[in-house]
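Undergrad: Numbering of the sequence shown is given in this note's numbering, commencing with residue 349 and proceeding in unit increments.
Before I ask anything, here is the structure I am working with.
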Amino acid sequence: MIEILEWSQLATVAGVATAVTAITEVLKHYITNVDPKWIALLLSLVITYAYQIITGDLAVGSWILSAFNALLSTGVAIGIFESAGRPIEEKIHRRRV
């Protein structure tokens with residue numbers, strides 16, 4: 349079976365950003381009272397810390413580094429949405445008006 353996203357890819361900023369972008373895009377339609385940027389941050393933290401737990405890397409330095417990676421992943425995920433999602437939404441909105 350071909351996997352789209354593997355566990356080893358979640359060790360990279362790009363892998364986390366991809367997962368966060370996809371999940372946030374779905375969740376923002378169900379959680380409407382929270383800014384999607386906060387959802388992305390929470391998901392980044394959950395994914396990076398879950399990876400730390402699954403791999404058994406419980407060193408304090410790794411956890412601190414994971415927090416920085418989560419912040420970077422959040423920024424990348426927000427950038428992906430801002431550069432790809434916003435222009436599409438604006439075009440759809442212009443057609444409706």
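Note that CB positions come from ideal geometry on N, CA and C, so glycine has one too.
Since the model is a prediction, treat every value here as computed from it, not as a measurement.
#1: Applying the 10 Å Cβ sphere with the 16-neighbour rule, what's the burial state of SER392?
#2: In the structure shown, what three-state DSSP assignment does GLU430 receive?
#3: Is THR372 near ALA425, with beta carbons less than 8 Å apart?
#4: Restricting to Cα atoms, I'd like to know which of GLU354, ALA432, ASN417 and THR369 is closest to TYR397.
#5: Quick one: what does DSSP say ALA359 is sitting in, helix, strand or coil?
#6: Starting from the C-beta of TRP411, find all residues in its chain whose C-beta is less than 8 Å away, skip the five residues before and the five after it, and write them out in chain order.
#7: If you count every other CB in all the chains shown that lies within 10 Å of the CB of LEU358, and 16 or more means buried, which is it?
TA: So, to answer that:
#1: buried
#2: helix
#3: yes
#4: ASN417
#5: helix
#6: TYR397 and GLN400
#7: buried
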